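Q:
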Amino acid sequence: MKKLKISTTMICLIAFLMQAAGIWAANIDFEPGIIQSLLGLIIPSGTFTPFPLTLWFVFPAAGMVFGEYLQKCEDKKKMYTKLLAISLVIFASLTSSCLYFGIDIRNMFVLYEDLYYHTSMIGTLWTMCIVMSLLAISYLVLRKLEGTKVGTFVRYCSSNINTIYFIQWLEISYTLSVLMVLDIEKTTSPLLIILWFVFSAVVTILISIPVVRIMKKIKNKKSAAAG
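If you count the sequence shown from 1, position 167 lands on 194 in my numbering, and the numbers rise without skipping.
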């Protein structure tokens, strides 16, 4: 789509259409399991096919729209303040509506079974409101910490986010493998899940710091040799 020079706004609209198609495709029964696994990279073809392209492309697409708008924005404080207010209002409205109509909001954020991996459009909007709120809060709070050790650490994590993200998923995969080998039942306790997320984040950061430094040293040596 980028090679065709399609605008980011249009890419985001296409992403929502892809999600609608993916949700519809979830009703199709794909057999045998090997077909489910292969198609699961694109559509929700089976129970154990998390993050299929059609359902999840909408998040990076929305991020592209946000990033493009952010680059053009002149008053970031005003923009983030409005973003926080709008996101919280929509989040409160969606949550209230779900509770009123008996929709279990735990399904939207991995707190119950595996429906989060096959997210719905309501779940997507609900999650985006959380993301937008956290982005706004991070800016409004952390901008005051520029130049401090905390601010330097946050900037370090931000500039090396791809490496940290990669290590995080290796850690999660190996941890789940160990739990499966030990035959430990999956917990649905929100408190335990949150504590596990915090532990995982801390371990990921501790592992990623030396890895990033080693990678940078190797890259610098290659650049020096090439020069």
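C-beta atoms are modelled at their ideal positions from N, C-alpha and C, and glycine is treated no differently.
Computed from a predicted model, the values in this text were never measured in an experiment.
#1: Leaving aside the five residues before and after Leu40 along the sequence, list all residues of the same chain whose C-beta is less than 7 Å from its C-beta, in chain order.
#2: If the criterion is Cβ atoms closer than 8 Å, does the pair Ile153 and Phe118 meet it?
#3: When the Cβ atoms of the stretch 121-135 are set against those of the stretch 70-90, are three or more pairs found closer than 8 Å?
#4: For a quick check, are the C-beta atoms of Phe43 and Tyr144 less than 8 Å apart?
#5: Can you find a C-beta in chain C that's less than 8 Å from the C-beta of Lys171?
#6: What does the Cβ neighbour count give for Ile61, buried or exposed, with the cut at 16 atoms within 10 Å?
#7: Tell me the residue span of the alpha helix (DSSP H) that contains Leu152.
#8: Enumerate in chain order the residues of its own chain whose CB-to-CB distance from Gly49 is below 7 Å, with the five nearest sequence positions on each side excluded.
#9: Leaving aside the five residues before and after Met159 along the sequence, list all residues of the same chain whose C-beta is less than 7 Å from its C-beta, in chain order.
#10: What are the boundary residues of the alpha helix (DSSP H) that includes Lys30?
#11: Touching or not, the stretch 225-245 and the stretch 189-203, by the rule of three or more beta carbon pairs under 8 Å?
#12: Measuring alpha carbon to alpha carbon, tell me which residue in Arg170, Ser185, Gln63 and Ala89 is nearest Val8.
#13: Quick check on Thr151: buried or exposed, where buried means 16 or more other Cβ atoms within 10 Å of its Cβ?
#14: What is the rounded straight-line gap between the Cα of Met148 and the Cα of Ile245?
#15: Using the Cα positions of Phe136 and Leu219, report the straight-line distance between them to the nearest angstrom.
#16: Output yes or no for whether 8 Å exceeds the beta carbon distance between Thr35 and Met91.
#17: What does the Cβ neighbour count give for Asn189, buried or exposed, with the cut at 16 atoms within 10 Å?
#18: Following the continuous alpha helix (DSSP H) through Leu123, name the residue where it begins and the one where it ends.
#19: Buried or exposed for Ile191, going by 16 or more other Cβ atoms inside 10 Å?
#20: My assumption, with CB atoms under 8 Å, is that Met28 sits in contact with Ile38. Please give the rounded CB distance.
#21: Would Leu209 pass as a contact of Cys156 if the rule is Cβ separation under 8 Å?
#22: Would you check if the distance between the CB atom of Leu167 and the CB atom of Tyr96 is smaller than 8 Å?
#23: Does Leu80 come out as helix, strand or coil in the three-state DSSP assignment?
A: In terms of the structure at hand:
#1: none
#2: Residue identity differs from the one stated: residue 153 is Trp in this sequence, not Ile. Yes, the Cβ-Cβ distance between Trp153 and Phe118 is below 8 Å.
#3: No, the stretch 121-135 does not touch the stretch 70-90.
#4: no
#5: Looking at the structure shown, chain C is missing, and only one protein chain is on hand.
#6: exposed
#7: For Leu152, the enclosing alpha helix (DSSP H) starts and ends at Met148 to Leu169.
#8: Ile70, Pro71, Pro79, Thr81 and Leu82
#9: Leu110 and Ser114
#10: That residue, Lys30, is in no alpha helix (DSSP H); it is neither H nor E in DSSP.
#11: yes
#12: No information on residue 8 is available, as it lies outside the stretch 28 to 254 that the chain covers here.
#13: Looking at its Cβ environment, which holds 16 or more other Cβ atoms inside 10 Å, Thr151 is buried.
#14: 43 Å
#15: 14 Å
#16: For Thr35 and Met91, yes; Cβs fall inside 8 Å.
#17: exposed
#18: It is worth fixing the name first, because residue 123 is Ser in this sequence and not Leu. Unbroken alpha helix (DSSP H) run through Ser123: Lys103 to Tyr127.
#19: buried
#20: 5 Å
#21: no
#22: no
#23: helix
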